[in-house]
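For what it's worth, our numbering labels the leading residue of the sequence shown as 2, then goes sequentially.
Structure, as structure tokens:
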Amino acid sequence: MEFNGESQSNSNLEAVRRAQADFEGDAQEAGLRDEDDLMELIKEIRKERAVRLWTE
Numbered sequence: 002m003e004f005n006g007e008s009q010s011n012s013n014l015e016a017v018r019r020a021q022a023d024f025e026g027d028a029q030e031a032g033l034r035d036e037d038d039l040m041e042l043i044k045e046i047r048k049e050r051a052v053r054l055w056t057e
């Protein structure tokens with residue numbers, strides 16, 4: 002598929018690369034050292050959401 006002379010997949014890849022560059026360093030600042038830390042954060046967020054849904 003062409004999109005302004007550039008393939009759509011190339012445009013998507015460039016958008017992902019820009020997002021990665023913008024977020025670089027943010028994980029470390031948030032205290033996320035590895036995938037295990039990320040999974041713990043996700044579990045905490047899901048738990049908080051569940052509690053909010055059940056108490057509203």
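Yeah, the Cβ is synthetic: ideal placement off N, Cα and C, and Gly gets one too.
The structure displayed is predicted, hence computed values, not measured ones.
| Query | Result |
| --- | --- |
| Helix, strand or coil for L33, going by three-state DSSP, please let me know. | coil |
| Kindly list the residues whose CB is nearer than 8 angstroms to the CB of L33, restricted to its own chain and excluding five residues on each side of it in sequence; keep chain order. | L39, L42 |
| By the three-class DSSP mapping on this structure, what secondary structure does E57 have? | coil |
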